[in-house]
Structures are given as structure tokens and as C-alpha cells.
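Residue numbers (full-length UniProt numbering): 1 to 639.
From the three backbone atoms N, C-alpha and C, an ideal C-beta is built for every residue, glycine too.
Structure first, commentary second.
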């Protein structure tokens with residue numbers, strides 16, 4: 001090898017190491033709204049703990065927060081996530097060992113939690129709040145003082161679950177994390193402060209992502225080093241891995257949008273409840289806070305409704321593919337403890353063919369053929385919305401759904417209503433004639449009645465955009481509209497004055513790109529091609545197609561997994577890590593320019609952590625590329 005070539009290789013390797021080490025600095029997902037961080041390696045002691053100060057009795061700390069603390073410690077101890085650099089951090093091992101063996105141990109031994117937030121945070125605008133009356137957008141309050149800690153009259157900290165169930169405008173997820181020391185001779189100290197248990201929980205998720213592990217050298221290599229330096233105490237083998245954080249560090253953080261979600265369709269395929277638990281847990285790591293559960297659809301009705309037991313008995317795929325009321329309640333309770341609210345969706349009046357399996361008299365055009373004339377996909381069937389018996393049935397279903405667990409939002413669907421289904425249905429036509437109603441008037445009555453039930457139960461109704469754009473229903477302006485067909489339609493919904501959830505198929509559908517699924521198709525693409533890469537999702541601008549004055553109407557957005565070609569076997573790989581892109585879009589917001597090049601090392605880092613925790617997340621590049629950031633980009637202006 002020539003001298004020039006050897007020099008080039010050495011320079012290239014050196015540049016790789018520099019870029020890789022820089023990529024590790026604050027490899028947190030989603031990125032905090034404001035942060036500063038040094039590049040010193042701070043060793044975590046083997047007995048690292050997380051706790052409140054001693055003067056706070058454990059009885060005052062809610063059980064779900066205690067569990068979250070214990071789980072964070074467990075994750076730190078068990079993740080063993082190595083730095084994504086070519087040598088996986090081996091060059092740092094000796095210095096970390098020396099930190100722990102010095103006469104004055106400089107290791108970080110504890111993360112102290114403080115339920116206070118009396119710091120000045122004007123840079124972060126921590127006083128941003130959201131209001132349903134304003135359309136849930138960020139406020140323009142000039143106050144730069146963070147809110148006082150929330151403690152009830154009995155001196156007990158309200159739980160994560162309690163905070164998660166509050167209306168969106170009253171939730172506070174903000175936190176501050178500081179890792180610093182008085183001087184070079186002092187050990188580092190770490191303090192996580194927040195005004196709520198929910199804020200502490202968000203900060204714990206951030207802290208757990210800061211920790212790296214470096215595997216100990218082989219036993220033979222360790223033995224040789226001990227022989228060369230007998231004065232050193234040999235570390236116990238089981239504790240020989242070293243953990244560290246890059247610091248010093250200061251983070252001020254809170255979400256840009258109050259709604260950051262993921263939707264799962266459990267009708268086209270049934271998902272075992274443990275898979276949904278896992279999904280909710282992973283959502284919490286990424287600070288996603290809404291699990292939109294599209295629980296029923298035309299193909300099956302897996303939800304147990306105790307007041308209408310035949311629904312699940314006859315319309316679920318089998319008796320073992322049912323979500324019982326107790327299971328749904330338990331899942332919602334668990335989700336709340338992880339900072340996630342469940343938003344059920346009972347799609348009506350369309351997409352309800354499954355109801356006809358149990359109550360055929362309630363459904364028009366059930367199994368009508370050819371199905372393409374009566375439905376967007378197999379199989380046809382819609383609620384006879386002009387029938388008073390059907391309206392009562394729907395109200396009963398929504399009242400039941402709202403009673404299953406506390407929450408703020410509940411979706412009534414309203415997409416893809418097929419007019420011909422009703423035009424060809426004699427029962428519906430007879431009902432319309434007897435009431436001297438048009439179909440649109442009957443739909444308006446149906447939606448108004450069902451929404452009134454939800455409002456009485458303390459829920460804000462959510463609908464798909466067809467209800468306001470195609471059907472032209474004049475719903476109350478605090479109704480939330482999820483826009484799915486195309487992101488360009490957001491402008492029309494904003495002009496109508498509604499709050500908006502981004503859920504567009506052109507950016508957010510995770511099932512796109514899997515090919516056609518109709519049985520006699522030989523070369524069809526999926527209707528929403530192409531495949532939505534993490535980069536495509538990450539490039540989405542929540543404020544595109546709207547005016548600056550309409551920004552307050554955007555409450556957030558989500559990715560979605562429809563399940564024609566998804567089930568528990570491939571769900572992890574379809575969801576993760578792509579759903580992380582939306583998590584950052586709606587947490588970090590638009591305050592700093594987003595770059596897929598800058599984000600790539602961080603999303604790699606998060607994906608590797610997820611895999612270590614048992615999530616079958618899809619790789620996004622070859623392993624070599626993850627270890628050598630910047631070297632797998634397409635050349636620019638290459639000739």
C-alpha cells in the first residue's frame with residue numbers, strides 16, 4: 001500500500017471516529033426542544049439509583065411513578081446498549097474503569113428527582129399550554145416561569161395516570177434535566193425536575209436513552225491487565241461492563257403538540273392483547289401519548305359489549321379473538337400509567353358490516369355484490385342510520401365505549417359512507433320517506449345524537465374529514481377532525497374552524513407499499529403507494545397548507561397501521577422505527593430545522609435500544625452504516 005493511500009485510509013478512519021463520537025452526543029429520540037451537552041464521558045457507578053430526596057415520604061409518591069422509576073433503573077442495568085461507533089466504545093473502557101477506581105470516585109451515583117420547576121425557562125417557552133377553546137394550538141403567553149408543582153390537598157403527588165387522563169389543555173409534560181458538578185474534583189450530580197409526575201416520567205425516558213454500556217474485555221485480557229497492575233482491585237465479572245453518559249448536560253423540554261399518536265386496526269386482523277401492551281410500552285419510550293384503537297370494522301367485531309353480547313359472540317373471528325371489557329379496562333389503566341391515553345374508535349355509520357352478523361336488521365346492503373358498488377373494500381354493509389332503532393343502538397354502543405375507561409377523546413369515524421348502499425336499501429328509503437328527510441339530514445341527526453352521548457360522558461368527539469368536507473355537516477367547532485385522505489385537505493378543515501389531527505395517507509400510513517391484496521390481483525400496487533420511509537414521515541411539515549393564524553388548530557398527528565396485510569407476526573417491523581419519525585415531528589416541532597442526515601444516527605441509536613428490549617424493529621441501513629454515520633449517504637454533485 002502506498003504512503004499516500006495509507007495516509008488516506010488513516011485520515012478516513014480518524015474522520016469516521018470523530019463523526020461517530022459527535023453523533024452520540026445527545027442521541028435522544030425525540031430530540032429535546034432545548035439542550036446543551038458536553039462530550040466528557042461520565043461513568044455511572046455500579047450501584048446507580050434514582051430517587052426523590054429523603055424528606056419526601058414514599059407514601060406520597062404515586063405507585064405508577066415508583067414503578068416507572070424502578071423500570072428505568074432496570075432498563076439502565078439491562079440494556080447494555082453499546083455506542084454505535086466502529087470500536088463500540090472499547091477505547092473508552094480503561095478511562096471509565098479508572099474513574100471508578102480512583103481514590104476520589106467521580107462516578108455518577110444517583111439521579112435525584114424533584115417535583116418543582118421554579119426555574120426561568122423563557123428560552124423554552126415552558127408556559128405554552130393548549131386550549132380546546134383555542135382549537136388546542138400552542139398559546140402565546142408571555143410568561144416565562146414554569147408552573148408550580150402539582151400536589152393535592154393531602155400532600156400526595158397526582159399520579160402519571162391522573163395527569164394522562166386530564167383534558168389536553170391541562171396536561172403538563174415538561175421537565176428539566178441537569179447533569180453537572182461544582183468543579184473538576186467533584187463528582188457529577190444529576191437532577192430531574194418537573195411540575196408533574198407525567199413530566200418526571202417523560203424525563204426518565206430521556207435519561208434512559210443517555211446511558212451507554214461498554215462490554216468488558218475478555219477474561220484472558222482482564223487477567224493479563226491485573227497481573228500488570230496488581231495494585232488495582234479486580235472488578236467482579238458480573239459487574240465488569242461499564243456504563244456512561246456524555247456530559248455535562250442541560251435539557252429543557254416539553255412537547256410542541258399535545259396529541260402524538262399511533263393508530264392500530266384490530267378488525268382486519270386480531271392482535272393478541274400482549275402485543276398491544278408491548279406497542280403501548282414502546283410508544284411511551286418515544287413520548288407518544290395517544291393509542292388510537294381502531295378496534296372494530298366491517299370484517300370483525302372483537303370488542304365485548306356486555307349490553308349487546310351477541311356482537312362479539314357472532315361477529316368476532318372466534319371466541320379466542322375477543323377483547324373482553326376487563327382486558328380493555330386493564331390495558332387502558334396500564335397505558336395511562338405509561339403516559340398514554342387510549343382513544344377508541346367505533347367507526348359509524350359505514351364500515352359496520354360485522355354488526356350484521358349479530359343484528360342483520362340494523363345493517364343495509366349486507367354482503368351486497370358486487371361489493372365495489374357498495375363499499376370501499378370487502379365487505380359491504382352500513383348501519384341503517386335513518387332508523388330510530390339503529391340510532392338508539394349506536395347511542396348505546398358509544399355510551400358503553402365511553403364508560404369502559406376515563407379519557408378525553410373518542411372517535412365516531414364517519415369515513416367512506418357509500419350512498420348507493422342507502423339508495424338501494426328499501427328499509428332506509430322507507431324511513432327517510434316517513435320522516436320526510438334527506439339522507440344528509442338523517443346522517444346529521446345520527447351524528448348529532450351519538451356525539452351528544454359522548455359529550456355527556458365528558459368526551460370530545462373525533463371524526464374523519466369526510467364528515468365535514470364531503471357530507472358538509474356543521475358540527476360544533478370543538479369537534480376534532482382527523483385528516484387521512486391527503487395532507488392537502490387540511491387547509492379546508494382549517495378554514496371550517498375545526499381542530500385537526502394529521503393522519504394523512506401520503507405521509508403517515510405504515511401499510512402502504514405492501515402490494516395489492518385482492519385475491520385475483522397479479523401485479524397491483526397498494527392504493528397508497530409508495531412505501532412511507534422514515535425519512536418521508538420525518539419530512540412532514542405540520543403547518544403546511546395552512547395560514548399562520550390557523551396553526552393553533554393543529555393539535556398533533558399520528559402514524560397509522562391498517563391491517564389488511566399486518567398482524568402480530570409483522571407488526572413490530574412495520575411500526576418501528578418509522579413511527580419514531582412522527583414522534584419527533586410532533587414532540588420537537590418546528591423550532592429548529594429538521595434534517596434526515598442529522599437525525600439518522602439518533603434513529604439508529606433508538607432502534608438498537610428497542611431491539612435490545614425485545615422489539616423486532618426493522619433495520620434501516622446495513623450495520624456498518626449505523627457504526628459509520630455519514631458514510632452511507634448518496635454523493636452530492638458527484639461526477
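For residue 373, the closest alpha carbon among the candidates 247, 424 and 498 is that of 424.
Listed in chain order, the non-local C-beta contacts of residue 589 below 6 Å within the same chain comprise 256, local neighbours out to five positions each way being set aside.
Secondary structure of residue 43 (DSSP, three-state): strand.
Fewer than three beta-carbon pairs drawn from the segment 167 to 186 and the segment 75 to 95 are found closer than 8 Å, and the two stretches are therefore not classed as touching. In this structure, 545 is the residue among 463, 193, 318 and 545 with its C-alpha nearest to the C-alpha of residue 486.
Residue 213: not part of any alpha helix (DSSP H); member of the beta strand (DSSP E) spanning 212 to 214, first to last residue. DSSP, reduced to helix, strand and coil, places residue 293 within a strand of the structure shown. Boundaries of the beta strand (DSSP E) around residue 502: 499 to 502. Going by DSSP, residue 624 is part of the alpha helix (DSSP H) stretching over 623 to 627. Beta-bridge pairing by DSSP links residue 251 to 35 and 177.
When the Cα atoms are used, residue 436 and residue 442 turn out to be separated by approximately 10 Å. Distance from residue 213 to residue 165 at the Cβ level is roughly 36 Å; contact not present, criterion being Cβ atoms closer than 8 Å. A Cβ-Cβ separation of about 25 Å leaves residue 538 out of contact with residue 462 under the 8 Å criterion. DSSP, reduced to helix, strand and coil, places residue 374 outside both helices and strands of the structure shown, so it counts as coil.
The beta carbon of residue 581 sits closer than 6 Å to those of 534, 537 and 538, all from its chain and outside the five residues before and after it, given in chain order. Between residue 252 and residue 34, the C-beta spacing is below 7 Å.
Leaving aside the five residues that flank residue 567 on each side, the residues in its chain whose CB is nearer than 8 Å to its CB run, in chain order, 269, 270 and 271. Following the DSSP letters along the chain, one finds residue 609 inside the alpha helix (DSSP H) bounded by residues 596 to 612. Non-local beta-carbon contacts of residue 181 in its own chain, meaning distances under 6 Å to residues more than five positions away in sequence, involve 188 in chain order. Burial check for residue 624: the Cβ neighbour count within 10 Å stays below 16, so the residue is exposed. Residue environment: residue 67 is assigned as exposed (fewer than 16 neighbouring CB atoms within 10 Å of its CB, all protein chains considered).
As the crow flies, the alpha-carbon of residue 633 is around 12 Å from that of residue 626. Spatial neighbours of residue 75 in its own chain (CB-CB distance under 8 Å, excluding positions within 5 residues in sequence) are listed in chain order as 208 and 613. In the DSSP assignment, residue 263 falls outside any alpha helix (DSSP H) and lies within the beta strand (DSSP E) extending over 259 to 265. By the criterion of at least three beta-carbon pairs nearer than 8 Å, the segment 591 to 602 is not in contact with the segment 282 to 297. Residue nearest to residue 491 within the set 552, 572 and 516 is 552 (criterion: CA-CA distance).
Annotation: residue 363 to residue 400 spans about 20 Å, alpha carbon to alpha carbon. Following the DSSP letters along the chain, one finds residue 285 inside the alpha helix (DSSP H) bounded by residues 273 to 285. Under the DSSP assignment, residue 324 falls outside any alpha helix (DSSP H); it carries neither an H nor an E label. Considering only 379, 328 and 310, the residue with the shortest C-alpha distance to residue 359 is 310.
Ranked by how close their Cα comes to the Cα of residue 78, the residues 621, 609 and 619 have 609 in first place. Here residue 397 is buried, its C-beta having at least 16 other C-beta atoms within 10 Å. Contact check for residue 280 against residue 340 passes: the beta carbons are separated by less than 7 Å. By the neighbour-count criterion, in which 16 or more other beta carbons inside 10 Å mark a residue as buried, residue 480 falls on the buried side.
Between the alpha carbons of residue 501 and residue 109 lies a distance of about 42 Å.
Burial state of residue 278 is buried, judged by a 10 Å Cβ sphere holding 16 or more other Cβ atoms.
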